[in-house]
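**Student:**
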Amino acid sequence: RRAQAPCNVWERFCTRWAARHHSAFPHAGMDQAKSLLKSAGTAPGDQHASLDAATAACAAAPEDAPVKKIWAVIDASSPAADARSLQGALSTGARLGVMIVAERGPVSQSQVLRAMEYSEVYVAAVELGDSAKKVIDDAASFTDGPSVVLLAAPSAVQGDEHWTSFTYDPRREVFGGSAFVAQGSAVRKEIQAFLDRESLLTLIAKRSLPVDAAADGGADGELGQGLTDASKTVTVLYTSDTGHAEECAKAVARQCRNGGFASSAVRCGTLDSFDVGALPSEPLVVFCIATAGKGEFPGNGRNFWEKLAARAGELKGALGDLKYCVFGLGDSHYWGKAKKSL
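Each residue of the sequence shown is one higher than the last, beginning at 1 in my numbering.
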């Protein structure tokens, strides 16, 4: 242990020195990021220079293999680091890790803000330095979903009053804590708006959970009993080409968990992954449906719709106990925008 101490001191010195003299070495941030991943146990072969390469490696990994992060280390100025590209990559699953390195200011945090809208994802935005190591370790150990980390060079955010250092770790909620923890008192306006919306949705979810009113009788009691019956499980189904409906569905699922539903009782998946014949046994289903083409179902919901239409006669009268709601997403850029009749 005594022999290792000088090495640790030297490593901390190098990290601090590189952070302070970052502007003299244009790629120092990327090198530091890769070094942090290595110290977290990530092999060089599991570090990729593009999102495409990392997502392809995740897809090629055996499904029964233990979850181990496969990282994409990308520059914040790269087109791959924009919110839309990141949104599509997050659907890859729990093996994916994305490290965005910002070596020059101003630093946008829109990517990490959008990432927080996904259910079960570890998100962080921190400066390169001593505090980054623990964040990387936590991100690498997160196995419930993907991880997204924004690392900013100190010189890139120096004097930026909007910059917010934070971590967003859903594992804290299991112990009654908040998933979001800021390192300072100031929080970026856009991030605060997201947190306010999350708090409001959680409050709504909690007000909608079964309460003791079911035992009071009367109309309130009937409502409470209905909510009790519907709250055994919640199934959230989505169909989407661009990922927006998936994003909304996962937000609904997350709010159900935050509102008091057991995590194991909340299921979220594509329409096509759900057996149409199981609908009569479902107490509550939330459908998040997007628009594709000329008002058609997106690709991952088309089979469900066709099977539902084919079995309409069989299911007639069998869905009396099913409670459901439909959340529809449209886009004015799709077919019919210029038609006055529409």
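Don't be surprised by glycine CBs; every beta carbon is placed ideally from N, CA and C.
Is DSSP giving L388 helix, strand or coil here?
**Tutor:** The structure shown has nothing for residue 388, since the chain only spans 1 to 342.
**Student:** In angstroms, rounded to a whole number, what distance separates the CA positions of Q192 and V285?
**Tutor:** 30 Å
**Student:** Can you check DSSP and say which residues form a bridge with L237?
**Tutor:** G269 and F287
**Student:** Could you give the DSSP three-state label for H48: helix, strand or coil?
**Tutor:** strand
**Student:** Kindly indicate if chain C contains any beta-carbon less than 8 Å away from that of L322.
**Tutor:** No chain C appears in the structure shown, which is made up of a single protein chain.
**Student:** State whether the segment 87 to 104 contacts the segment 28 to 42, with contact taken as three or more CB pairs (one from each stretch) at a distance under 8 Å.
**Tutor:** For the pair of segments examined, the segment 87 to 104 was found to touch the segment 28 to 42: the number of CB pairs separated by less than 8 Å reaches three.
**Student:** Can you tell me which residues form a DSSP beta bridge with T295?
**Tutor:** Here the sequence assigns Gly to residue 295, which means Thr is not the residue at that position. None, per the DSSP bridge assignment.
**Student:** Identify the residues that DSSP records as bridge partners of C325: which are they?
**Tutor:** V286
**Student:** Are there 16 or more other CB atoms within 10 angstroms of the CB of R84, so buried, or fewer, so exposed?
**Tutor:** exposed
**Student:** Taking the Cβ atom as the reference point for each residue, do S50 and A81 lie within a distance shorter than 8 Å?
**Tutor:** no
**Student:** Pairing CB atoms from the segment 313 to 323 with CB atoms from the segment 280 to 300, are three or more of them under 8 Å?
**Tutor:** yes
**Student:** Which residues in the same chain have their Cβ closer than 7 Å to the Cβ of G243, if we skip the five residues on either side of it in sequence?
**Tutor:** Q87, G88 and S91
**Student:** Round the Cβ separation of A290 and L329 to the nearest angstrom and send it over; I've been treating them as touching at under 8 Å.
**Tutor:** 5 Å
**Student:** Within the continuous alpha helix (DSSP H) that includes V98, where are the two ends?
**Tutor:** Per DSSP, V98 belongs to no alpha helix (DSSP H); it is in the beta strand (DSSP E), L96 to A102.
**Student:** Buried or exposed for P44, going by 16 or more other Cβ atoms inside 10 Å?
**Tutor:** exposed
**Student:** Tell me which residues share the same chain as S240 and place their Cβ nearer than 6 Å to its Cβ, disregarding the 5 neighbours each side in the sequence.
**Tutor:** E246, A290 and P298
**Student:** Taking the CB atoms as reference points, tell me whether A153 and F166 lie closer together than 8 Å.
**Tutor:** no
**Student:** What does a CB cutoff of less than 6 Å around P170 pick up in its chain, not counting 5 residues either side in sequence?
**Tutor:** Once the five neighbours on either side are set aside, the close Cβ partners of P170 are E120 and A179.
**Student:** Which word fits F304, buried or exposed, when buried means at least 16 other C-beta atoms lie within 10 angstroms of its C-beta?
**Tutor:** buried
**Student:** Could you give the distance in angstroms between the alpha-carbon of D75 and the alpha-carbon of P66?
**Tutor:** 28 Å
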